[in-house]
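Numbering (this note's numbering), first residue to last: 8 to 707.
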């Protein structure tokens, strides 16, 4: 039974090559792509920097100066990695490095500033945790949201796909018969155990939940005006949609904000809106003929975008997606304020991180940005509130101006004691030898030397700069339907690589298999190395725009032949047909590094994952394994990623004649998943290296 209570985008630059040659600080102002940031084509620019906690307003600004009538809603995008990597299961990654966690930093900032900044309500967009079956992640989320509850700051919350036991996407109308809230075993869902209806009822704004307990609504009031927030969890059933329509019908005068985990997507350019089947279904079944819904918010898709649609009454509906989980440090504590400025008829959007300003100064780097100024992350929406709401609420009031602008005060307070970290200086190579030589190098392949566009012939040898482990292009028979022209020389390269070219792998498809690759000789010394003292693996990569998950998911940059199931002591739960070394691009276009460790005892393969990699952008990837720290850390364009591994020292060897393959891989010892795109250099060293020894640095 239901429970109730009575954009104009900047001009495109003409050449990515021209962009890459700009000084690093300038590049940040133009493009932050390919770093796992997934925030669109422009930069994460801000007047920011580090050290002191300046996260609460000081109240010294004169409210009469430039007074407006406004209030703000706080919005928490996907917090899943904040919940996951603050657990002992993941080695307390946030606490060990920063002494604090981003999720609590977000809710504490909201609690501390709700009164001064007129924040009557907070909206969580779902994916509260990353792995619904891990109790410790729910404990982190529980503690973070209790900060708001203790401060009597009301909020809505909903379940994303990572929060439910059956995570299956909507495809078409037939999808409504399975994997919705109607098919769940409600007694077993962890989301309902951590955030039950009884907990939601403690919110002063709580209106009710549907019979499943997954969907809820709240009503908050500001200056005599009441608003509704209608929160719909992942895969709402037809019954849940009918419940939502009933809620709107029972409150016919309330302007409504629909929050849901999935609705609007983001196009490949990182900034343009892209509609998806589930969002279109909600538009048809819930939004278009309910004039009260003037705004929608969702997460799920990485980055930010917005779309204005026109409903059946000729009125605008503002749809917005925001999700920072693939940004640096799993989002780096970024959240949003939506300031409703009734004086100037605008909704002003500010994206910022209260956690960045709390981090110890010595941990900050150029990726720690406190306030985003990209046009898809800081913008204004024109909306004549009284006119927009006139059809269903002719008595909507426009209060007298009595407060100072909210977003301006929030930004000023955040940045008042925060000094922007200096951007590192990156110098392009002066010549082909302008990189640090390292004594621990065991293999270094540099893919240049042929005429741009010319076929790399079968049998072509790529010399090893260290001398002992050359690789050669493999016979076409090992790549299914591969053809000669599927591999060609290219003059394209990363602007920090001293190798003035690359090899382009074209036409690779997973099924039916079409792949071209290089491999070491079966007697190469590299094949038998277990790297017990640690290692550093570097690669320069570019993924093309024609990459698709359907054709290229889990494509291999480099693998080691052999089955990891043949390694002694392998974890019984691991897929034994996989390789003991996997360097790949996932189905979500993340860089994956997964190894079976060489250490004795039960060996559990563990993986590092970057954020989503933007296409048509060169990236440098470095993976550093340091046994003394018991850690394996991946860096993308110099930025350490969040999802790193521990207890994975060395790389197991299943057979000493198992070759190292570049541009492809094996599964069950059969060729699989060829690479699509460009590879410029790969270097393997038998020791952990610091950044000043990487291929992006210059020779001494």
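Don't be surprised by glycine CBs; every beta carbon is placed ideally from N, CA and C.
Taking a contact to mean a Cβ-Cβ separation below 8 Å, would you say residue 675 touches residue 534 in this structure? Going by C-beta atoms, residue 675 is not nearer than 8 Å to residue 534.
Nearest CA to the CA of residue 614: which residue from 588, 419 and 482? In this structure, 588 is the residue among 588, 419 and 482 with its C-alpha nearest to the C-alpha of residue 614.
Within the chosen definition, does the region 106-120 reach the region 375-385 through at least 3 CB pairs nearer than 8 Å? Here the region 106-120 does not lie against the region 375-385, with fewer than 3 beta-carbon pairs under 8 Å apart.
Rank 466, 194 and 231 by C-alpha distance to the C-alpha of residue 220 and give the top, closest one. Nearest C-alpha to residue 220 among 466, 194 and 231: 194.
What whole-angstrom Cβ distance do residue 451 and residue 687 have, given they're in contact under 8 Å? Their Cβ separation, rounded to whole angstroms, is 12 Å, which puts residue 451 and residue 687 out of contact at 8 Å.
Look up residue 627 in the DSSP assignment and say whether it is helix, strand or coil. Judged by DSSP in its simplified three-state form, residue 627 adopts strand.
Short Cβ contact (8 Å threshold) for residue 319 with residue 295: Contact: yes.
Could you give the residue range of the alpha helix (DSSP H) that holds residue 88? Start and end: 87-91.
Pairs of beta-carbons, one from the region 292-306 and one from the region 266-273, closer than 8 Å: are there three or more? Contact between the region 292-306 and the region 266-273 is present, because at least three Cβ pairs lie under 8 Å.
With 16 other Cβ atoms within 10 Å as the buried cut-off, status of residue 707: So residue 707 ends up on the exposed side.
So, is residue 448 buried or exposed, given that buried needs 16 or more other C-beta atoms within 10 angstroms? With 16 or more Cβ atoms within 10 Å of its Cβ, residue 448 is classed as buried.
Cβ of residue 159 within 8 Å of any chain D Cβ: The chain inventory of the structure shown lacks chain D, comprising one protein chain alone.
Could you give the distance in angstroms between the alpha-carbon of residue 205 and the alpha-carbon of residue 236? Whole-angstrom Cα-Cα distance: 18 Å.
Simplified DSSP assignment, three categories, for residue 368: Three-state result, residue 368: helix.
Rounded to the nearest angstrom, how far is the Cβ of residue 594 from that of residue 561, given a contact under 8 Å? Sure, about 6 Å apart at Cβ, within 8 Å.
I need the DSSP call for residue 148, collapsed to helix, strand or coil. Residue 148 carries a helical assignment under DSSP once its states are collapsed to helix, strand and coil.
Cα-Cα separation between residue 427 and residue 328, rounded to whole angstroms: Residue 328 has its alpha-carbon roughly 28 Å from the corresponding atom of residue 427.
Compare the Cα-Cα distances from residue 134 to each of 73, 101 and 84 and report the closest residue. In terms of CA proximity to residue 134, 84 leads the group 73, 101 and 84.
Measure the alpha-carbon distance for residue 249 versus residue 572 and round it to whole angstroms. Looking at the two C-alpha atoms, the distance is approximately 51 Å.
Across which residues does DSSP place residue 232 in a beta bridge pair? In the DSSP output, where bridge partners are listed per residue, residue 232 has 229.
Stretch pair the region 85-95 + the region 140-158: three plus CB contacts closer than 8 Å: Enough Cβ pairs lie closer than 8 Å, so yes.
Measuring CB atoms only, is the region 411-419 touching the region 471-482, in the sense that at least three cross pairs come out at less than 8 Å? Counting Cβ pairs under 8 Å, fewer than three are found: no touch.
Taking the C-alpha atoms as reference points, what is the distance between residue 458 and residue 650? Here the alpha carbons of residue 650 and residue 458 stand approximately 39 Å from one another.
Give the range of the beta strand (DSSP E) segment to which residue 567 is assigned. Unbroken beta strand (DSSP E) run through residue 567: 562-567.
Which of helix, strand or coil does DSSP assign to residue 690? Here residue 690 sits in strand by DSSP.
For the candidate residues 485, 392, 701 and 252, whose alpha-carbon lies nearest to that of residue 441? Nearest C-alpha to residue 441: 701.
Reduced DSSP category for residue 403 - H, G, I as helix; E, B as strand; rest coil: Coil at residue 403, not helix or strand.
How is residue 41 classed by DSSP in three states: helix, strand or coil? At residue 41 the pLDDT is 35, less than 50, meaning the model places this residue with poor confidence and gives no usable figure here.
Grab me the residues of residue 497's own chain with a C-beta within less than 7 Å of its C-beta, minus the 5 sequence neighbours each way, in chain order. Exclusion of the five residues before and after residue 497 leaves 459, 508, 509, 510, 511 and 685 as the residues of its chain whose Cβ lies within less than 7 Å of its Cβ.
Backbone CA spacing between residue 513 and residue 586 [nearest angstrom]: Cα to Cα, residue 513 sits roughly 24 Å from residue 586.
Apply the 10 Å Cβ neighbour rule to residue 169 and answer buried if 16 or more other Cβ atoms are within range, or exposed otherwise. Here residue 169 is buried. Its C-beta has 16 or more other C-beta atoms within 10 Å.
Helix, strand or coil for residue 502 per DSSP? Three-state result, residue 502: coil.
DSSP has residue 539 in a bridge; who is on the other side? Looking at the DSSP output, residue 539 bridges to nothing.
Among 218, 177 and 180, which has the Cα closest to the Cα of residue 192? Minimum Cα distance to residue 192 is reached at 218.
Could you tell me which whole beta strand (DSSP E) segments of length 3 or greater appear in the region 105-178? Those beta strand (DSSP E) runs which fall completely within the region 105-178 and span 3+ residues are 128-131.
Mind checking which residues open and close the beta strand (DSSP E) that includes residue 270? Where residue 270 is concerned, there is no enclosing beta strand (DSSP E), given that its DSSP letter is neither H nor E.
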